[in-house]
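Quick note: the sequence shown, position 73, residue 100 per the numbering used here, numbers continuous.
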Amino acid sequence: MRTIEESGFSAWLRESESPFAFYFVLLFHTFGLALLVGANAVIDLRLLGIEREIPLMPLKRLFGIMWAGFAINAASGVLLLIAYPTKALTNPVFYLKLVLIAIAVWVMTKLNSQVFGDASSSEATMMARAKTLAKWSLALWIGAITAGRLLAYTYKYLIFPC
Numbered sequence: 028m029r030t031i032e033e034s035g036f037s038a039w040l041r042e043s044e045s046p047f048a049f050y051f052v053l054l055f056h057t058f059g060l061a062l063l064v065g066a067n068a069v070i071d072l073r074l075l076g077i078e079r080e081i082p083l084m085p086l087k088r089l090f091g092i093m094w095a096g097f098a099i100n101a102a103s104g105v106l107l108l109i110a111y112p113t114k115a116l117t118n119p120v121f122y123l124k125l126v127l128i129a130i131a132v133w134v135m136t137k138l139n140s141q142v143f144g145d146a147s148s149s150e151a152t153m154m155a156r157a158k159t160l161a162k163w164s165l166a167l168w169i170g171a172i173t174a175g176r177l178l179a180y181t182y183k184y185l186i187f188p189c
C-alpha cells in the first residue's frame, strides 16, 4: 500500500494540476458508471413493466454498452485506487462496494442468459424469469453507487500514516 502511494504516478494522480490527473479520472469513472448503470436500468425497468410497448429483444444490444461502461469503470477505478490506496484499502465500505459490484455483474450476466439467451422463448416466459433479477439488479447498483459515494466521506486514513 505504502509503495503504491509513494510512487511518482500515485503522487501525480493525487496532486497534479494537470487536467488529465485525478479529476479527469473521476470524470471518466462517472461516465463509465452512467453507461453501465444507465443501460442496465433501462433493461431492468422494462422487465419490471415500465414502457411495456417497447419490445424486449432489441434491448439486448444494451449489454455491449454495459460492458463498455464496466471496462471504463474497472480501468478508472484502478487509477482511483492507485491515487489513494490507503484511503480505499483501509475502509470497509470499499470492500462492500466491490462485493455489491461483483453480485450486480453476476445478476447482469444471468439476465443476459436467462432473458435474452433463448430466442425461442415467448416474451411472457422471459418476463417471468426476469422480474426478480431486475429488482435485485436495481438494488445492487443503487447500493454500489451509494457505497462509492460514501467512500469520499467515510475514510479513517487519507494517506498512509507516518
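Quick reminder that beta carbons are idealized off the backbone N, C-alpha and C, glycines included.
Fair warning: this is a prediction, and the values are worked out from it, not measured in the lab.
Please classify Met-28 as buried or exposed, where buried requires at least 16 neighbouring CB atoms within 10 angstroms. Position 1 of the sequence shown holds residue 28. Residue environment: Met-28 is assigned as exposed (fewer than 16 neighbouring CB atoms within 10 Å of its CB, all protein chains considered).
Suppose the cutoff is 7 Å on Cβ atoms and the five residues either side in sequence are ignored; what does the same chain contact list for Asn-139 look like? Taking the sequence shown and counting its residues from 1, one reaches residue 139 at position 112. Answer for Asn-139: Phe-90, listed in chain order.
For Ser-140, the first and last residue of its enclosing alpha helix (DSSP H): For the purposes of this step, residue 140 is taken as residue 113 along the sequence shown, with counting starting at 1. Here the alpha helix (DSSP H) through Ser-140 covers 119-143.
Per-residue burial, Ile-77 [other beta carbons within 10 Å of its own, 16 or more giving buried]: Locating residue 77 in the sequence shown gives position 50, where the first residue counts as 1. Per the 10 Å Cβ criterion, exposed.
Counting beta carbon pairs with one atom in the stretch 100-108 and one in the stretch 42-60, are three or more of them shorter than 8 Å? Short answer: they touch.
For Ile-169, the nearest candidate out of Phe-49, Pro-46, Leu-60 (CA to CA): What you label residue 169 is simply residue 142 of the sequence shown in a count that begins at 1. Comparing C-alpha distances from Ile-169 to each of Phe-49, Pro-46, Leu-60 shows the shortest one belongs to Leu-60.
Among Ile-172, Ala-179, Phe-36, Glu-33, which one has its Cα closest to the Cα of Lys-114? As a position in the sequence shown, residue 114 is number 87, starting the count at 1. Comparing Cα positions, the closest option is Ala-179.
Could you tell me how far apart the beta carbons of Ile-99 and Phe-58 are, in whole angstroms, since I believe they sit closer than 8 Å? Position 72 of the sequence shown holds residue 99. Position 31 of the sequence shown holds residue 58. Right, the Cβ-Cβ distance comes to about 6 Å (below 8 Å), so this counts as a contact.
Please state if the CB of Ala-171 and the CB of Lys-216 are separated by a distance shorter than 8 Å. In the structure as shown, the chain starts at 28 and stops at 189, and residue 216 therefore has no counterpart that could be examined.
Can you tell me whether Ile-186 is helix, strand or coil according to DSSP? Translated into the one-based positions of the sequence shown, residue 186 becomes position 159. In the structure shown, Ile-186 sits in coil (DSSP, three-state: anything other than H, G, I, E or B).
With burial defined as no fewer than 16 other Cβ atoms inside 10 Å of the residue's Cβ, what is the status of Ala-155: buried or exposed? Numbered from 1 along the sequence shown, position 128 holds the residue referred to as residue 155. Burial state of Ala-155 is exposed, judged by a 10 Å Cβ sphere holding fewer than 16 other Cβ atoms.
When you compare each of Ala-48, Gly-175, Leu-160 to Val-134 by their alpha carbons, which one comes out closest? Here residue 134 refers to the residue found at position 107 when the sequence shown is read from its first residue. Checking every option, the nearest Cα to that of Val-134 belongs to Leu-160.
Indicate the three-state DSSP secondary structure (helix, strand or coil) for Tyr-180 in the structure shown. Here residue 180 is taken as the residue at index 153 of the sequence shown, counted from 1. The DSSP-derived three-state label of Tyr-180 is coil.
Continuous alpha helix (DSSP H) stretch holding Gln-50: start and end: As a first step, residue 50 is located in the sequence shown; it is residue number 23 there, counting from the start. Looking at the sequence shown, residue 50 is not Gln but Tyr. That run of the alpha helix (DSSP H) goes 49-74.
Output yes or no for whether 8 Å exceeds the beta carbon distance between Ala-157 and Val-142. For this step, residue 157 is matched to residue 130 along the sequence shown. For this step, residue 142 is matched to residue 115 along the sequence shown. Cβ atoms of Ala-157 and Val-142: closer than 8 Å.
Which same chain residues, not among the five before or five after Thr-173, have their C-beta less than 7 Å away from its C-beta? By one-based count along the sequence shown, residue 173 stands at place 146. Taking C-beta separations shorter than 7 Å and ignoring five residues to either side along the sequence, Thr-173 has no partners in its chain.
Using CA coordinates, which residue listed in Ile-109, Lys-87, Leu-74, Arg-79 is at the minimum distance from Glu-42? Position 15 of the sequence shown, counted from the first residue, corresponds to residue 42. Here the closest residue by C-alpha is Ile-109.
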